[in-house]
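The structure under discussion appears below in the form of structure tokens.
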Amino acid sequence: MDPLTDERREALALLLLAGLPGVGEATVRRLVETLGSGREALGAAPAAFAAVAGPAAEASRHGKEHRERAEGIVAWCERAGVRPLPLGAADYPATLLDLTGPPPVLFVRGDVALLSRPGVAVVGARAATAYGRRSAERIAHLLARNGIVVVSGLALGVDGAAHRAALEAGGPTVAVMGNGPDRVHPAAHRGLARRIAERGLLATELPPGAEARSHHFPKRNRILAALSRAVVVVEAARRSGALITARLAGEMGRDVLAVPGPMDATTSQGSNWLLAEGNT
């Protein structure tokens, strides 16, 4: 493997830190802000490190298993053509810093410049109706034709319709995944994911080997919201991931919009609720 670049060394350090006991995204951010970088944090005096990360992390930070795990991830990225983009890198999206716990490393494949362009998230039901898919397509097509990056989550239904419409309009799209960069979920979207990697960007905070799990998606949704200047909820049940994304977006000061649907449609209860409650 080629010698590690400074960016990859920093990614390795942050991955190692994120794997320590009691260390989450917010703690990694505090380590970087307090001690200067991931690499500087690893080399910091024990008292300085423990003051931020805690005694359990201090006792483990030089452990062989943590380093080997981080080195394995960075080596896989090198082989697979995936860029492990560390917090603090020039191309790391500034909008993710609106999160208390931004991803220490964002695994990306495709055009990383899209992360610094204006984006709008188009989200909604997996079991979308024809009306929902058509609405998502029209919105995404209009956004893409006007140079706005269409951001979504690569799921079935509304997400897939939005990604496809953006590509068909000749515009950019970013897919934020709830699994590792070596996997595509759902499998039916493998072809779509290839097209996005070629003409847009695939992104995830999860390392290679991570399967799509239900608890990954709320965390994924915070990245969707942070990357976007606005979130459009096309169709959503009253309890849904799309409403989680909308709530997170509102908390970060993003605009939240919703497409109204039939009053008796389960798939529109959430989007209609957003409109009725004045949450858009």
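Sequential numbering from 174 applies to the sequence shown in this note's numbering.
Glycine included, every Cβ here is placed at the ideal spot set by N, Cα and C.
In three-state terms, what does DSSP make of residue i?
i: Ala256; result: In the sequence as displayed, the identity of residue 256 is Arg instead of Ala. Three-state result, Arg256: strand.
i: Ala348; result: strand
i: Met273; result: With the sequence shown as reference, residue 273 is identified as Thr, and Met is not the correct amino acid for it. Thr273: coil per DSSP, three-state reduction.
i: Leu416; result: helix
i: Thr377; result: strand
i: Gly227; result: coil
i: Arg282; result: strand
i: Val429; result: strand
i: Ser289; result: helix
i: Gly245; result: helix
i: Asn394; result: helix
i: Thr178; result: coil
i: Val357; result: coil
i: Pro194; result: coil
i: Pro266; result: coil
i: Leu329; result: coil
i: Gly423; result: helix
i: Arg299; result: coil
i: Ala409; result: coil
i: His235; result: coil
i: Glu251; result: helix
i: Glu458; result: Residue 458 is absent from the model: the chain starts at 174 and stops at 453.
i: Ala218; result: coil
I believe residue i touches residue j by the beta-carbon criterion, under 8 angstroms. Please report the beta-carbon distance rounded to the nearest angstrom.
i: Leu421; j: Arg393; result: Not confirmed; about 11 angstroms, so no contact.
i: Thr302; j: Thr440; result: 6 angstroms
i: Val255; j: Arg282; result: 5 angstroms
i: Ala298; j: Gly330; result: 5 angstroms
i: Leu187; j: Pro259; result: 5 angstroms
i: Glu404; j: Val429; result: Note that residue 404 corresponds to Val in the displayed sequence, not to Glu. Contact holds; Cβ gap of about 5 angstroms.
i: Ala184; j: Val247; result: 6 angstroms
i: Ala348; j: Ala317; result: Not confirmed; about 14 angstroms, so no contact.
i: Pro277; j: Leu269; result: Rounded, the Cβ-Cβ distance is 11 angstroms, inconsistent with contact.
i: Leu447; j: Val406; result: 6 angstroms
State buried or exposed for residue i, treating a residue as buried only when at least 16 other CB atoms are found within 10 Å of its CB.
i: Ser325; result: buried
i: Ser401; result: buried
i: Glu238; result: exposed
i: Asp179; result: exposed
i: Ser387; result: exposed
i: His336; result: buried
i: Pro291; result: exposed
i: Gly373; result: buried
i: Thr273; result: exposed
i: Gly434; result: buried
i: Ala300; result: exposed
i: Pro219; result: exposed
i: Pro391; result: exposed
i: Gly216; result: exposed
i: Gly192; result: buried
i: Pro380; result: buried
i: Gly234; result: One detail in the question is off: residue 234 reads as Arg in this sequence, not Gly. The residue in question, Arg234, is buried, as its Cβ has 16 or more Cβ neighbours within 10 Å.
i: Gly454; result: Shown here, the chain extends from 174 to 453; a query on residue 454 therefore has no answer.
i: Pro354; result: buried
i: Glu408; result: buried
i: Pro266; result: buried
Which residues bound the beta strand (DSSP E) around residue i?
i: Val296; result: 292 to 296
i: Thr439; result: Element bounds for Thr439: n/a, residue is neither H nor E.
i: Ala342; result: Where Ala342 is concerned, there is no enclosing beta strand (DSSP E), given that its DSSP letter is neither H nor E.
i: Val480; result: Nothing can be reported for residue 480: it is not among the residues displayed for the chain, which extend from 174 to 453.
i: Ala403; result: 403 to 406
i: Ser325; result: 322 to 325
What residue range is occupied by the uninterrupted alpha helix (DSSP H) comprising residue i?
i: Gly443; result: 442 to 449
i: Ala317; result: 303 to 318
i: Arg372; result: 363 to 372
i: Arg212; result: 211 to 215
8 angstroms is my cut-off, CB to CB: does residue i come that close to chain D?
i: Ala298; result: Reference to chain D is not applicable here, since this structure consists of a single protein chain.
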